[in-house]
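I have placed the structure first, in the form of structure tokens, so that the comments after it can refer back to it.
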Amino acid sequence: MVLHDMTEKELIELASKGDRQAFCSLVSIHRTKLRSFALGIACGNAHLADDILQEALIKAYLAMKNYELRSSFTTWLWRIIKNEFINYIRDPAVKIEMSSDSEDDTGVALKSDDSPESELIKEDVKREVHELINALPVKLRMAIVLIDIQEMPYEEAAQILEISLTALKSRVFKGRKKMVELLNEKKDIKQLSFADNRQKEVKGAGE
Amino acid sequence: MNWKNILGFKKSNAEPEGFQELNALFKKYRSLEKETGIDEFESTLFEKLKKVENEIQRPRISRVPVIVFSVSALFLIAFTFIFYSVPDIADENVMELVSSSEVEKGEPVKITIEFESTEDIENVEISFKFDDGVRFHSDNEKIKALNSYVRKRSFKKGVNPVPFVVSLVSEGESRIITETKFGGYIHNRTIVLKTLNEKTAVYIYKSEKFQN
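Structural data, given as structure tokens:
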């Protein structure tokens, strides 16, 4: 049987016996979500996200022999990745630099049929979300990325973060509240600068 | 009004006032995230896993400790333990005796633990915990009084020596436990100092634990 015909359970069994290819196949099943999570936590810095994610996956691979099939593989894997990011972010010497380059953000260049205008809009959306997430403390950031970016069920996210459902809801609420406040602040600044420009225009016209 | 309403929660989820705009932004973001395509992620991971496996499967002979004795001009009877700290998954959590030696009783003991790193690493923390019977050997009273200490340093690719000098302050058995985290592992070293009739016996044990 070839690897891509195997079920996740069969791949897990093989990977736990040290089958590297089976482990990579397992990773590819979850890759999009894992990378999206990593990108969210790393504020769009794709190189950093991939580096930390790969370090976490190496740890997961080495720990596969201890993995018990009774527990959810996805939750187990996510916990390892979450812990790797927490360890990285909590290092006082670490300051995550945001990435603004579109190719870095997604790992691929934007589609060729995108107009420059729509590319700019997409970049703005990404930058805005990454800026908002970057302003959150790590605990709130994890909760927001899992719930609002990954759209993960609360129960699953709580298991990954190893906290109660109530604690998770509280973190999500606090995170959202902080982000809404930041959005409003930004809006106020935009309006102020718009009003300022209008005033200058009016003055200029009167001179 | 219950407490959830006071805090601004809605019954089903945690939506603060003004969340709609933020939610719309998240929706746009999520639609962009789906554009992620195929790249070199898996192939890079595959190569990294291969490299890690090769490191683990090194012959055990490379981990056999080599003991180097040296005598210090400043009356220190010194000994240096050099051993490689290649993570040994099979021996996870098991203490392994890596070296033993004897020095003259009452003399300060210089111990150098050397770790082999496969890459340059910044900010490696090495923590020391001392039993009551052993302390750093120093003229400085503050240093002599320490029962724990954390040293931060960088590791270069290759062998990295970590020397320190201790004195026994009471007879019997005393331990020094060091913990160093790097390369995805917690490297523990337990140094046991035991006073005998005319000598002090020194044993070094090690264990590697997967850092999760």
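The listed protein sequences derive, respectively, from chains A and B.
Just so we're aligned, residue 256 is where the first sequence starts under the numbering used here, counting upward by one.
Just so we're aligned, residue -8 is where the second sequence starts under the numbering used here, counting upward by one.
Even for Gly, the Cβ is constructed at its ideal location relative to N, Cα and C.
Fair warning: this is a prediction, and the values are worked out from it, not measured in the lab.
Review point. When you compare only the Cα positions, how much space is there between Gln276 of chain A and Ala270 of chain A?
Key: Indexing the first sequence from 1 puts residue 276 of chain A at position 21. Indexing the first sequence from 1 puts residue 270 of chain A at position 15. So the two alpha carbons sit approximately 8 Å from each other.
Review point. Could you give the residue range of the beta strand (DSSP E) that holds Ser145 of chain B?
Key: To locate residue 145 of chain B, count along the second sequence from 1; it is residue 154. Per DSSP, Ser145 of chain B belongs to the beta strand (DSSP E) from Ser139 to Phe146.
Review point. Are three or more beta carbon pairs between the region 150 to 168 of chain B and the region 181 to 188 of chain B nearer than 8 Å?
Key: yes
Exercise for review: Can you grab the Cα-Cα spacing for the pair Ser291 of chain A / Glu105 of chain B, in whole Å?
Suggested key: If you number the first sequence from 1, residue 291 of chain A lands on position 36. If you number the second sequence from 1, residue 105 of chain B lands on position 114. For Ser291 of chain A and Glu105 of chain B, the distance between alpha carbons rounds to 40 Å.
Review point. Checking contacts by CB at 8 Å: is Phe32 of chain B closer than that to chain A?
Key: Along the second sequence, one-based indexing puts residue 32 of chain B at 41. Yes - at least one Cβ of chain A is within 8 Å of the one on Phe32 of chain B.
Practice item. Pull up the distance between the alpha-carbon of Ile336 of chain A and that of Lys424 of chain A, whole angstroms please. Key: As a first step, residue 336 of chain A must be located in the first sequence, where it is residue number 81. As a first step, residue 424 of chain A must be located in the first sequence, where it is residue number 169. Going from the Cα of Ile336 of chain A to the Cα of Lys424 of chain A covers about 21 Å.
Practice item. Measure the alpha-carbon distance for Ser198 of chain B versus Leu438 of chain A and round it to whole angstroms. Key: For this step, residue 198 of chain B is matched to residue 207 along the second sequence. For this step, residue 438 of chain A is matched to residue 183 along the first sequence. Between Ser198 of chain B and Leu438 of chain A, the C-alpha separation is close to 50 Å.
Review point. Mapping DSSP to helix, strand and coil, what is Thr109 of chain B?
Key: Along the second sequence, one-based indexing puts residue 109 of chain B at 118. In this structure, Thr109 of chain B counts as coil in the three-state DSSP scheme.
Point to revise | 8 Å CB neighbourhood of Lys442 of chain A in its chain, flanking five on each side removed | key: In the first sequence, counting from the first residue as 1, residue 442 of chain A sits at position 187. Excluding sequence neighbours, Lys442 of chain A sits near nothing in its chain.
Check your understanding: At a Cβ cut of 8 Å, what residues of the region 416 to 446 of chain A count as close to chain B, listed as they run along the chain?
Key -> Lys424, Ser425, Val427, Phe428, Arg431, Lys432, Met434, Val435, Leu438 and Asn439
Practice item. Take the Cβ of Pro152 of chain B as the centre, count every other Cβ of all protein chains shown within 10 Å, and call the residue buried at 16 or more, exposed below. Key: Taking the first residue of the second sequence as position 1, residue 152 of chain B is located at position 161. Pro152 of chain B comes out exposed.
Review point. Would the beta-carbon of Ser302 of chain A fall within 8 Å of that of Thr329 of chain A?
Key: By 1-based counting over the first sequence, the position of residue 302 of chain A is 47. By 1-based counting over the first sequence, the position of residue 329 of chain A is 74. Before going further, note that residue 302 of chain A is His rather than Ser in the sequence given. For His302 of chain A and Thr329 of chain A, no; Cβs fall outside 8 Å.
Review point. Comparing alpha-carbon positions, which option in B:Thr171, B:Ser129, B:Val150 and B:Glu110 lies nearest Glu98 of chain B?
Key: Within the second sequence, the letter at position 107 stands for residue 98 of chain B. With distances taken between Cα atoms, Glu98 of chain B lies closest to B:Ser129.
Review point. Is it true that the CB of Ile344 of chain A sits closer than 8 Å to the CB of Val393 of chain A?
Key: On the first sequence, residue 393 of chain A is found 138 positions in, with the first residue counted as 1. On the first sequence, residue 344 of chain A is found 89 positions in, with the first residue counted as 1. Taking 8 Å as the Cβ cut-off, Val393 of chain A and Ile344 of chain A qualify as a contacting pair.
Exercise for review: Could you name the residues that DSSP lists as bridge partners for Thr181 of chain B?
Suggested key: As a working mapping, residue 181 of chain B is identified with position 190 in the second sequence. Answer is B:Ile168 and B:Tyr196.
Exercise for review: Kindly indicate the opening and closing residues of the alpha helix (DSSP H) around Gly149 of chain B.
Suggested key: Taking the second sequence and counting its residues from 1, the one referred to as residue 149 of chain B is at position 158. Premise fails: Gly149 of chain B lies in the beta strand (DSSP E), Gly149 to Leu159, not in any alpha helix (DSSP H).
**Study point:** Residues that Asn21 of chain B contacts on chain A, provided the C-beta gap is smaller than 9 Å
**Key:** Counting from 1 along the second sequence, the entry for residue 21 of chain B is found at position 30. Here residue 21 of chain B turns out to be Arg, not Asn, going by the sequence shown. Result: Ser291, Asp403, Ile404, Gln405 and Glu406.
Practice item. Just the chain A side, please: which residues come within less than 8 Å of Gly9 of chain B by C-beta, in chain order? Key: Residue 9 of chain B sits at position 18 when you count from the first residue of the second sequence. Simply Val435, Leu438 and Asn439.
**Study point:** chain A contact for Phe173 of chain B (CB, 8 Å cutoff)
**Key:** Taking the first residue of the second sequence as 1, we reach residue 173 of chain B at position 182. Phe173 of chain B does not count as touching chain A.
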